[in-house]
Amino acid sequence: MEMEVKRYSRAWWIDAILWFAMASIPLIILPPWIVDFIENNKYKIDIFDLPKFVLICLIGLTLFILIIIDKKVKRDLIFWLLMAWLGQLLLASLFSQNMFLALGGSEINGGRAEGFITFCFYAIFFLSAREYLRFSFRKLIILGLCLLPMITYGLVQFYSYNIATPNSLSENPNSWDPLVRYRNFPQLIFTTIGNPNFVGTFSALFFVLFTTLFVALKRWFFLFFAIAFFALLLVCQTRSAWVGSGAAILLLTAFSLINRSFRIPLLLLTVLLVFTSLLLTRNKPNNTVYAKSKTIFTKKNLDKYGGSGRIMIWNITGKIIAKHPLLGVGPEHLRKAISKEQPALKKEYLRNKGTGIDRAHNELLHMAAIGGIPAALLFLGIVILSLYSALPKLKDNAMILALFLSIIAYGVQSLFNISVIAVAPVFWIMLGALAGKQAKLTSFPYENKGQSTVEETQTVHPS
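Position 332 of the sequence shown, counted from 1, bears residue number 345 in this note's numbering, the numbering being contiguous throughout.
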């Protein structure tokens, strides 16, 4: 009995740490006015990624120790695919141009802190969530409330920066925003994440999650969080996140054709989202959201330098993959590889877009570039098997359906975006929960002979 109590205690701590990770990693930043006293002219401290990386390491190490002690991790096909994926990335790191950069993910001149060590922590998040993450209404409410400051900051930025001034989208040392004023950041919607594209990815995950839970369970606090994350998703102006979220909502709409109980909540939500969109885009001629939305489906985006130049980036990345098909160039080495092996294309891209390339802006292509084609296939296998394992439970488990559609939204947007340490831990935790057997919040049986019932079976820990 004493051993059973200890095991439940460890499970409780692992579950609590995972919820803490989702609530804290995206939020934590270093105050710039404190960093100014530490950094020097040679090295500028990243106030976004550095604290997030340190927190990921601390949480990852703690989880690793706890799951090793508990000895509950299931060794099945997904587990061995995960181990093979890490092994492939380790080989890619050891044979890379700069092994320490590949392992750690950062150096003085660059890196986004997604080296081999970070990928190991992603795997730990996945395995921990798969075995230990438990869901309850209280935890979801607390998580949503913890993330509200990020949403509030983003909306305040949008309404402040959306004013038509000469510096509305440029560096402004006189800005009201301390991060813009102290660090000369462009006046964009970056909140505590650091970049509008990554804000979009994060918003898409939680917008789809809370939307699905509201439609399936008809709880009003889920509706509040869904609208809040939708507002942030809209104002961050990340087109890939819009497309990914739209794809997930279309699937949810398809589910409503089968389950009538989904239809009224989905209709109500649609009306409220339309109202929110009109409220945020009421001044169409000068509104950046409206202007950005018109550029999603245009012929110009099919040009190699159209839109954000994604097609040209994919073309350059494809050439790198062709030269390094088995082991890739190593984590965080794509920029170096392009500079060394494709200098002409690098200069051409820089001349046309005014910036360099360090990511493929397609997670599958990027994985193939840094870890070889085997790493990309293994990564894809992990995601597909996790989604496939959830299919039988979609019809009677609201939490599984919400996680499934959130991963779909992330997957679609990842075809045009990149993985970053501010968002990736949340993705891996959700993916792990989807692949596990503990993600059960409420059951909603499909209609039987014209009648529908709702049976709540909240999961709680034994005391």
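All C-beta atoms in this analysis are idealised placements derived from N, C-alpha and C, irrespective of residue type, glycine included.
(message) Cutting at 7 Å between CB atoms, please list the residues of its own chain near residue 278, excluding the five before and the five after it.
(response) 227, 228 and 231
(request) Quick one: using the 10 Å Cβ neighbour count with 16 as the cut-off for buried, is residue 31 buried or exposed? (result) By the neighbour-count criterion, in which 16 or more other beta carbons inside 10 Å mark a residue as buried, residue 31 falls on the buried side.
(message) If you reduce the DSSP assignment to three classes, tell me which class residue 162 lands in.
(response) helix
(request) Determine contact between the region 216-225 and the region 384-397, defined as no fewer than three beta-carbon pairs at a distance below 8 Å. (result) no
(request) Compute the distance between the beta-carbons of residue 73 and residue 138, then report whether it is under 8 Å. (result) yes
(request) Measuring alpha carbon to alpha carbon, tell me which of 95, 80, 104 and 123 ends up nearest residue 11. (result) As displayed, the chain neither begins before 14 nor continues past 476, which places residue 11 out of reach and without an answer.
(request) Please confirm whether residue 287 and residue 245 have their CB atoms less than 8 Å apart. (result) No, they are not a contact pair.
(request) Note the first and the last residue of the continuous alpha helix (DSSP H) segment covering residue 387. (result) 376-403
(message) Please give the ranges of any alpha helix (DSSP H) in the region 318-361, keeping only runs that are unbroken, at least 4 residues long and fully inside the region.
(response) 323-336 and 347-354
(message) Is it buried or exposed, residue 165, if we count other Cβ atoms within 10 angstroms and call 16 or more buried?
(response) exposed
(message) Does residue 120 come out as helix, strand or coil in the three-state DSSP assignment?
(response) DSSP places residue 120 within a strand segment (E or B) once states are collapsed to three.
(request) Look up residue 199 in the DSSP assignment and say whether it is helix, strand or coil. (result) strand
(message) Quick check: the Cα distance between residue 358 and residue 90, rounded to an integer number of angstroms?
(response) 41 Å
(message) Here's a check: name, in chain order, each residue in its chain whose Cβ is nearer than 8 Å to the Cβ of residue 339, leaving out the five neighbours to either side.
(response) 385, 386 and 387
(request) List the whole-angstrom C-beta distance separating residue 76 from residue 22, where the pair is believed to meet the contact cut-off of C-beta under 8 Å. (result) Not a contact, Cβ separation roughly 15 Å.
(message) With a threshold of 8 Å, are at least 3 pairs of Cβ atoms found where one atom belongs to the region 151-162 and the other to the region 417-424?
(response) no
(request) Please specify which runs of the alpha helix (DSSP H), each continuous and at least 4 residues long, are wholly inside the region 120-147, giving them in chain order. (result) 129-145
(request) Using only alpha-carbon positions, find the residue among 443, 396, 392 and 436 that is nearest to residue 97. (result) 392
(request) For my contact list, residue 128 and residue 345 are in at a C-beta cut-off of 8 Å; report their separation, rounded to the angstrom. (result) 6 Å
(message) Buried or exposed for residue 177, going by 16 or more other Cβ atoms inside 10 Å?
(response) Because the pLDDT of residue 177 is 49, which lies under 50, any placement of that residue in the model is unreliable, and the number read from its coordinates should be weighed accordingly. By the 10 Å Cβ count, residue 177 comes out exposed.
(message) For residue 247 and residue 83, what's the separation of their Cα atoms in angstroms?
(response) 43 Å
(request) To the nearest angstrom, report how far apart residue 293 and residue 258 are at their CA atoms. (result) Going from the Cα of residue 293 to the Cα of residue 258 covers about 18 Å.
(request) With a 10 Å radius around its C-beta and 16 neighbouring C-beta atoms as the bar for buried, classify residue 465 as buried or exposed. (result) For residue 465, the pLDDT reaches just 35, beneath the cut-off of 50, and the residue's location in the model is therefore unreliable, leaving the point undetermined.
(message) Can you look up residue 436 in the DSSP assignment and give me helix, strand or coil?
(response) coil
(request) Taking only the alpha-carbon atoms, compute the straight-line gap between residue 29 and residue 421 and give it to the nearest angstrom. (result) So the alpha carbons of these two residues sit roughly 26 Å apart.
(request) Could you give the DSSP three-state label for residue 154: helix, strand or coil? (result) Here residue 154 carries a helix assignment [DSSP, helix/strand/coil].
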